[in-house]
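If you read the sequence shown in full-length UniProt numbering, its first letter stands for residue 1, the second for the next number, and so on. All C-beta atoms, glycine included, are put in the ideal place defined by N, C-alpha and C. Presented below is the structure to which this report refers.
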Amino acid sequence: MSHESGHVTQNSGVVNIAENGVRYYGRLSDIFEFSYNDYKVVFFNCDWYDVYHKVGIQTDEFGFTLVNKSGKIHTGDELEDDPFVFSSQVQQVFYVQDPKAELWNVVVEVRPRDLFDMGVEESSDETD
């Protein structure tokens with residue numbers, strides 16, 4: 001988002017943790033909200049960073065995750081290049097410019113102050 005270009009940190013960062021444990025890091029480029037009667041759905045259009053190659057993601061000697069902001073994935077027109085995600089599927093992260101490498105951002109994952117982990121209750125559709 002352009003209003004963040006001059007700031008030291010950017011708050012439009014997101015992480016989507018896939019079922020296989022892969023952490024997909026990205027940046028919001030647009031927000032969509034669709035309403036139908038009493039229902040509302042919010043989803044994000046994101047620029048996703050390449051997390052598959054060492055040139056796109058790495059961990060430094062202190063354990064911080066860094067992403068290369070020049071390497072992006074899901075930029076094509078194929079079905080698997082879908083850049084959209086539901087707002088409930090991501091968590092907010094912040095990116096801080098790495099002072100040693102201009103193309104790299106340090107990922108800072110935060111836990112929102114008013115978020116409580118209530119656990120996930122598994123529902124079973126099986127009937128005996």
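Measuring only the C-alpha atoms, how far is Leu66 from Thr59?
6 angstroms
Shortest alpha-carbon distance to Gln97 belongs to which of Gly26, Lys40, Lys69, Val110?
Lys69
Burial state of Gly56, where buried means 16 or more other Cβ atoms lie within 10 Å = buried
- Range of the contiguous beta strand (DSSP E) that encloses Ser35: 23-36
| In angstroms, rounded to a whole number, what distance separates the CA positions of Asp50 and Val22? | 11 angstroms
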